[in-house]
Amino acid sequence: MQPKHSVKQAEPVTLSGGIRTDPLPDPAMEVVAVRTREVRARYRRPFAISSGGSDELVSLVVEVRTADGARGIGEASPMTAYTGETLAGLRAAVEEHAGPALIGRDPRDLAGAHRAMDAAIRGQHLAKAALDMALHDLAARAAGWPLHLLLGGGRPATAVPTTWVVGLGTPEEMAEEAVRYARAGFRHIKLKGGEDPALDLALVAAVRAALPEAVELSLDANEGYPPSGAVRVAARLADAGLDLLEQPLPRWDLDGMAALRAAGGVRVMADESVQSAHDALEVIRRGAADVLNIKILKVGGLHRARQVAALAESAGLAVKVGTMPELGVATLAAAHLSAALPHATVPPDLVGPLLVDAEPLAPAPFAATPGTGSVILPTAPGLGHGVEALD
């Protein structure tokens, strides 16, 4: 009896007109297994945003294997305060629905994989993103390319500058941290805010006065500002030296976001308002942002992230590749995506591995980041994480 995945290689076919086609993909590249593993790492100090916080970064690592032994690794971090999703729900969506939908499929058929996952379960962007990431890792390894080349980037492998993200804390703690990392080489500092516009204004003024002029400063309100008075607050933040205001209003208030943008003074970035390509299209149509924050997990994977990026580029908008934050695998995916997008002109958020006591997945690319403000983009095929098989 022939082994289950043993096949006879097809010969090349010549069609009329002399066009030569290669054989169909080897069935040995079919997905045969999906595995998961929970990973936890404690934050150096609790990481908080206006909707909540946590003492530890929790991720689900996902492995996709094919019949010929190839494998790819993905990751999703269910920051419940931001996404509303839990680790148990994420794991169930991967193991019981989206993962089984990939069995028997060619992992290089990325668009087909999303159709299959969408048919298996509605929503669940984090689960689909982790699997999509693993498929991209596998496909890039099969091609022998680092992922940013598979995503269309033409640059040689290099370092990717990153934003430093300052979580909520006392004004003194936040200001000290912002200045310390700016002096270490980070050219964009993002402050978390949204709890109290008056405190945000004082914080921005204090930090801006202490930063080198070349360092950009943004504030992420995470939907924390009330619609009434938001235009006035944005104007005062601009006068205090803020360069970019991220998602100050609820995700549904695109009219309010458009009014802020029309008022001028500070650029407006949409984050929670962009959960999908459909959302991005509506943000663009309504003129509600200058910049789109594309988070791979938020939109359902690299395949979907590229769709959002294409819409932004067509509309003449800049993009920023954000994170939730995440550990090393997902953060490397964000680094590769940012390197592949010419209009990703706002430095990405690649600091998740630096916010924890010890990065457990891919520490090497981030080892020099605290002193340089950049992440080394791996040259190895795939994501370049070096994570062992999930046996």
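Quick note on my numbering: the sequence shown kicks off at -15 and runs consecutively. Glycine residues also receive a C-beta, built at the ideal position from the N, C-alpha and C atoms.
{"Query": "Extent of the continuous beta strand (DSSP E) to which I360 belongs", "Result": "358 to 360"}
{"Query": "Minimum C-alpha distance to G336 - residue among A351, A324, T329, A323", "Result": "A351"}
{"Query": "Alpha-carbon spacing of I360 relative to H81, whole angstroms", "Result": "35 Å"}
{"Query": "Within-9 Å CB hit, R125 to chain D", "Result": "No chain D appears in this structure, which consists of one protein chain only."}
{"Query": "Collapsed DSSP secondary structure at D375 in the structure displayed", "Result": "coil"}
{"Query": "Option nearest T315 by Cα separation, candidates I278, L228, A159", "Result": "I278"}
{"Query": "Simplified DSSP state of S38, which is helix, strand or coil", "Result": "strand"}
{"Query": "DSSP state of A342 mapped onto helix, strand, coil", "Result": "coil"}
{"Query": "From V371, A51, A302, H320, residue whose alpha carbon lies closest to that of P362", "Result": "H320"}
{"Query": "For I173, the residue or residues it bridges with in DSSP", "Result": "W148, L201"}
{"Query": "6 Å Cβ shell around A17 - same chain, five flanking residues per side excluded", "Result": "R49"}
{"Query": "Local conformation of Y209 per DSSP, three classes", "Result": "coil"}
{"Query": "Buried versus exposed, by CB contacts within 10 Å (16 or more), R216", "Result": "exposed"}
{"Query": "Local conformation of L226 per DSSP, three classes", "Result": "coil"}
{"Query": "Where D263 sits in the DSSP three-state scheme", "Result": "helix"}
{"Query": "Exposure of W236, with buried meaning 16 or more beta-carbon neighbours within 10 Å", "Result": "exposed"}
{"Query": "Host alpha helix (DSSP H) of G312 (start-end)", "Result": "312 to 324"}
{"Query": "Inter-residue CB distance, L41 and E22 (contact presumed, cutoff 8 Å)", "Result": "Actually they are not in contact, since the Cβ atoms of L41 and E22 sit about 12 Å apart, beyond 8 Å."}
{"Query": "As assigned by DSSP and simplified to three states, the class of T20", "Result": "strand"}
{"Query": "P354, DSSP secondary structure in three states", "Result": "helix"}
{"Query": "Between the CA atoms of A168 and D180 - distance to the nearest angstrom", "Result": "29 Å"}
{"Query": "Beta-carbon proximity of A272 to V305, cut-off 9 Å", "Result": "no"}
{"Query": "Pair within 9 Å by beta-carbon distance, Y66 and M308", "Result": "yes"}
{"Query": "Whole-angstrom distance between V163 and E47, CA atom to CA atom", "Result": "39 Å"}
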